Amino acid sequence: MKSWVILFSLILTSSMLAYADSDSDIQRVPGKVECNTEVMRCTYTAQNLTAKDLVARINAVIFPGSILSPSEGYINIENLKKINFYFTNEALMQRFINLIPLMDVIDDFSPVSLVQLTTEIYSLSNAGFTELQAQLTATENNPATDIATSIITSISGTAGMGLKIGTNFLSSVLGSKKVKEESSMVTTVTQLIPNMAGINFSHGSKIYISPTAGVVKDEFAGLNINGTVSISASDSDLVLVKDYAFSYGVLIPADVTTKNDTVNILSISNPQLYLVRGVSSLIVSSLSTKDSTKTEYSALNFGKSKEKMMSKIMVVTRAESIGFKEYIQDMKKIRTLDLHREFTQDEKDHFPNDEVNMEDLLNHIKPYSFFSTSGDRILGFTLDKKDARVSNINKNIEISIKSGGFFSPGSLKQKTILSVENLMLSGIKFDSLSSKDIDKTKVKITVKLKPFNANGGVTKVLYYNPETNKFIE
17 MKSWVILFSL ILTSSMLAYA DSDSDIQRVP GKVECNTEVM RCTYTAQNLT AKDLVARINA
77 VIFPGSILSP SEGYINIENL KKINFYFTNE ALMQRFINLI PLMDVIDDFS PVSLVQLTTE
137 IYSLSNAGFT ELQAQLTATE NNPATDIATS IITSISGTAG MGLKIGTNFL SSVLGSKKVK
197 EESSMVTTVT QLIPNMAGIN FSHGSKIYIS PTAGVVKDEF AGLNINGTVS ISASDSDLVL
257 VKDYAFSYGV LIPADVTTKN DTVNILSISN PQLYLVRGVS SLIVSSLSTK DSTKTEYSAL
317 NFGKSKEKMM SKIMVVTRAE SIGFKEYIQD MKKIRTLDLH REFTQDEKDH FPNDEVNMED
377 LLNHIKPYSF FSTSGDRILG FTLDKKDARV SNINKNIEIS IKSGGFFSPG SLKQKTILSV
437 ENLMLSGIKF DSLSSKDIDK TKVKITVKLK PFNANGGVTK VLYYNPETNK FIE
């Protein structure tokens, strides 16, 4: 018995030295196994895993598909981190102990590519549906004439309209005055799914209805999306969604014509749904699956409301592949904008010795705009780092940001105080624009900056194009 304890100590020591040379600050060095042969008990406290996970890893190697009998020994999980064990077979005991430092480590995994799947649901009036069809099929070479292979069913089994269309072209159609007046966005779902993983999205609740006297059944009111994503090995712009299944159930309350609540369901299924970057798959139900009203106000109506009946559902689906490195870089970019960073001492030592006029410094605004991988619109600005001096980086700046003008104020209203150093390294991220602002051809954003508790300052007017997601120079 002493021989295998000594041998284990040598193996564990060498393993610990190997881990000690690791560059990882998170992974801890595996601990020591303490054994008492008289009471036939060994104990170990896991360092990087839970006791349950550690035992599961070792069992998968030593006892795959088998059960340890009491005559052979035992393995006991004492608490979250501690295990007790002992085996009558010395070779088995040695193998178990040798595996502990190899298994008690943080997961070493290779990230996979991701698929960003976006599902948008709109409600349309009959007039909006007619206008949408007219615009999508107006041009002979319009890609919308390529009928999708999706199988569309509804509560009566009536087929609808299925199209493949360029995402940018679709955005322009939805943004047209007539379609915008006759439609309304219900919801948007954006999912980041690992390649070859399943989609399992559900948001809603069960509704118990009684279609006939004495009969109660449950229906799901809400959104369900299922399937499996796969990126093409030969073309990363092509994404296949296997066994795609979409259902959207809408609760129709009882009225004078119906005695009970009902749930109307739009369901779409496709064993192989192909999606290409920059192309949207569009489905419009031909059955009235939702009845709602849209109330609009305008200066011409002097506050009077105009009601529209939204009776059809339109589903827009698109996907694009994203490399994991690209995703990480994107996340780091956003984190950089959120952090209040500081210049290093080496950077400060290399600052120029001349002075920069504060008005010139505040005039050197560098606006930025980009979409995150999850589809968020990120806007903001930084100050030019070339103007950094030891004498100015600690000065605080009062910042006021607003969108729109005097007669048509926008949704963006933001005030804060940040140092010159913050503005140069992290900048300031604008609050989200409202859908009203994003619907405009251009958004006017006024930025005022002035030294804290001082006179002077500058006012910069920026113009942003929501369609191109770029500032207009």
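Taking the numbering used here, I'd label the letters of the sequence shown as residues 17 to 489.
In this text, a Cβ means the ideal position worked out from N, Cα and C, and glycines have one as well.
From a predicted model like this one, the values you see are computed outputs, not experimental measurements.
- DSSP places SER221 within a strand segment (E or B) once states are collapsed to three.
- Taking 9 Å as the cut-off, the Cβ atoms of LYS222 and PHE236 count as close.
- Counting C-beta pairs closer than 8 Å gives three or more between the region 107 to 123 and the region 51 to 71, which meets the contact rule.
- Judged by their CB atoms, PHE340 and SER129 are nearer to each other than the 9 Å cut-off.
- DSSP assignment within the region 364 to 393 yields the following whole beta strand (DSSP E) runs of 3 residues or more, N-terminal first: 381 to 387.
- With a cut-off of 8 Å on Cβ pairs, the region 364 to 380 is not in contact with the region 327 to 340, counting fewer than three such pairs.
- Taking a C-beta distance under 9 Å as the contact criterion, LEU267 and TYR290 do not qualify as a contact pair.
- Taking one beta carbon from each stretch, the region 410 to 420 and the region 446 to 458 have 3 or more pairs nearer than 8 Å; the two touch.
- ILE350 carries a helical assignment under DSSP once its states are collapsed to helix, strand and coil.
- For GLN110, the enclosing alpha helix (DSSP H) stretches over residues 106 to 119.
- Bridge partners of LYS486 according to DSSP: ASN481.
- If only complete runs of 3 or more residues are kept, the region 39 to 93 shows the beta strand (DSSP E) at 50 to 52, 57 to 61, 89 to 93, in order along the chain.
- In summary, PHE387 is exposed, with fewer than 16 beta-carbon neighbours lying within 10 Å of its beta-carbon over all protein chains present.
- Here PHE101 is bridged, per DSSP, to CYS58, ILE91.
- Looking only at LYS460, ALA404, VAL406, SER435, the smallest Cα-Cα distance to PHE423 is reached by LYS460.
- By the Cβ rule, the region 193 to 201 counts as touching the region 141 to 151, because three or more pairs are nearer than 8 Å.
- Under the three-state reduction of DSSP, VAL436 is assigned to helix.
- In the three-state reduction of the DSSP assignment, VAL189 falls in the helix class.
- In this structure GLN132 touches LEU208 by the C-beta definition: roughly 6 Å separates them, less than 8 Å.
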